[in-house]
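Colleague:
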Ligand SMILES: [Zn+2]
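Numbering (my numbering), first residue to last: 1 to 230.
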């Protein structure tokens, strides 16, 4: 019994691995039997065993041996960073495409290390990817105090049956998992609200003018006519 337990403790199960030949992060659900010897750990590079002969939801890469601290969460984090590094446009929650020149994972900022720092021509965008831990309140506060734009991608409930193309779409194009941390100079938010207010005021003004016109014709005009007749 003890031996089995020991053996179990010596291996970890992951859904993500790296293809040896293409170097690409890959989800176990998209691995073919013929390709099953070609995967290594995204983190340490050790050989992975593909466990494919099971229902799709339980397919996994088995990582044997010690000396690797990878978890499913760190591997997803790592893959998100690799995807951001390979591209240069990401869609923001307001629908605008943000273009960047460089993606720097874990670059020091203040006393923190945002998951990814995207350097644009004039603006820097910080990316925080939530997998298992929320952003600490002090880090969040520091972002807003320093007027730093931070995009939060929340993958805490991400479906494990995704493929890498789906993940790439959800990071770069989809808005489903994204939100911006509020900052004190969030002009775009206040602007859109005052635009709405202006539209409402115009509508109110138009309705008011209509009522005034009808009122003039119905009540004031007859009074003037009556006076003139006298
Ligand atoms: Zn490893």
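Glycine included, every Cβ here is placed at the ideal spot set by N, Cα and C.
Using CA atoms only, rank isn't needed, just tell me which of 101, 78, 213, 207 is closest to residue 167.
Modeller: As a first step, residue 167 is located in the chain shown; it is residue number 167 there, counting from the start. Ranking the options by Cα distance to residue 167, first place goes to 78.
Colleague: Just to confirm, does residue 46 get its C-beta within under 7 Å of one of the non-hydrogen atoms of ligand 1?
Modeller: Translated into the one-based positions of the chain shown, residue 46 becomes position 46. Residue 46 has its Cβ nearer than 7 Å to a heavy atom of ligand 1.
Colleague: Using a Cβ-Cβ distance cut-off of 8 Å, determine whether residue 134 contacts chain E.
Modeller: In the structure shown, chain E does not exist; there is a single protein chain.
Colleague: Hey, could you find the ends of the beta strand (DSSP E) residue 167 is sitting in?
Modeller: As a working note, residue 167 is residue 167 in the chain shown. Unbroken run through residue 167 is the alpha helix (DSSP H), 164-172; no beta strand (DSSP E).
Colleague: Just mark residue 217 as buried or exposed, buried being the case when its beta carbon has 16 or more other beta carbons within 10 Å.
Modeller: In the chain shown, the residue the question calls residue 217 occupies position 217. That one is exposed.
Colleague: Output the distance between the C-alpha atoms of residue 169 and residue 42, rounded to the nearest integer angstrom.
Modeller: Looking up residue 169 in the chain shown gives position 169. Looking up residue 42 in the chain shown gives position 42. Their backbone Cα atoms lie some 20 Å apart in a straight line.
Colleague: Nearest to residue 21 by CA position, among 38, 213, 10, is which residue?
Modeller: On the chain shown, position 21 is the one that residue 21 refers to. In terms of Cα proximity to residue 21, the closest of 38, 213, 10 is 38.
Colleague: Do residue 56 and residue 47 have their beta-carbon atoms positioned less than 8 Å apart in this structure?
Modeller: As a first step, residue 47 is located in the chain shown; it is residue number 47 there, counting from the start. As a first step, residue 56 is located in the chain shown; it is residue number 56 there, counting from the start. With respect to the 8 Å criterion, residue 47 and residue 56 are not classified as neighbours on the basis of their beta carbons.
Colleague: So what's residue 204 in DSSP terms, helix, strand or just coil?
Modeller: Mapped onto the chain shown, residue 204 falls at position 204. Helix.
Colleague: Whether or not the stretch 52-71 and the stretch 102-111 are in contact is what I'm after, with contact meaning three or more pairs of Cβ atoms, one per stretch, closer than 8 Å; do they touch?
Modeller: no
Colleague: Write down every uninterrupted run of the beta strand (DSSP E) in the stretch 29-116 whose length is 3 residues or greater and which is fully enclosed by it, in chain order.
Modeller: Taken in chain order, the complete beta strand (DSSP E) segments of 3 residues or longer contained in the stretch 29-116 are 48-51, 60-64, 89-91, 97-99, 102-105.
Colleague: Quick one: what's got a C-beta closer than 7 Å to residue 138's C-beta in the same chain, skipping five residues either side?
Modeller: Counting from 1 along the chain shown, the entry for residue 138 is found at position 138. So the list is empty, once near-sequence residues are dropped.
Colleague: Taking the alpha-carbon of residue 18 as reference, which of 208, 154, 164, 122 has the nearest alpha-carbon?
Modeller: As a working mapping, residue 18 is identified with position 18 in the chain shown. The residue with the shortest Cα to Cα distance from residue 18 is 164.
Colleague: Considering only the beta carbon of each residue, do residue 177 and residue 155 sit closer than 8 Å?
Modeller: Along the chain shown, one-based indexing puts residue 177 at 177. Along the chain shown, one-based indexing puts residue 155 at 155. Using a Cβ distance threshold of 8 Å, residue 177 and residue 155 count as a contacting pair.
Colleague: In three-state terms, what does DSSP make of residue 121?
Modeller: Counted from its first residue, the chain shown places residue 121 at position 121. In the structure shown, residue 121 sits in coil (DSSP, three-state: anything other than H, G, I, E or B).
Colleague: With H, G and I counted as helix, E and B as strand and the rest as coil, what does DSSP make of residue 129?
Modeller: Taking the first residue of the chain shown as position 1, residue 129 is located at position 129. It is a strand residue.
Colleague: Are residue 150 and residue 181 close, meaning C-beta to C-beta below 8 Å?
Modeller: Mapped onto the chain shown, residue 150 falls at position 150. Mapped onto the chain shown, residue 181 falls at position 181. Their beta carbons are under 8 Å apart, which means residue 150 touches residue 181 by this criterion.
Colleague: Any chance the CB of residue 170 is under 7 Å from a heavy atom of ligand 1?
Modeller: On the chain shown, residue 170 is found 170 positions in, with the first residue counted as 1. No; taking the cut-off as 7 Å, the Cβ of residue 170 has no heavy atom of ligand 1 nearer than that.
Colleague: What are the residues that DSSP puts in a beta bridge with residue 182?
Modeller: Walking along the chain shown from the start, residue 182 turns up at place 182. Per DSSP, none; premise fails for residue 182.
Colleague: Name the DSSP beta bridge partners of residue 146, please?
Modeller: On the chain shown, position 146 is the one that residue 146 refers to. Beta-bridge partners assigned by DSSP to residue 146: none are found.
Colleague: Return the residue from the list 210, 179, 206, 205 that minimises the CA-CA distance to residue 94.
Modeller: Locating residue 94 in the chain shown gives position 94, counting from the first residue. Of 210, 179, 206, 205, the residue nearest in Cα terms is 179.
Colleague: Taking the beta carbon of residue 126 as the centre, do at least 16 other beta carbons fall within 10 Å, making it buried, or is it exposed?
Modeller: Taking the first residue of the chain shown as position 1, residue 126 is located at position 126. Residue 126 should be labelled buried.
Colleague: Applying the criterion that 16 or more other CB atoms from any shown protein chain within 10 Å of the CB defines a buried residue, is residue 25 buried or exposed?
Modeller: Here residue 25 refers to the residue found at position 25 of the chain shown. With at least 16 other beta carbons inside 10 angstroms of its own, residue 25 counts as buried.
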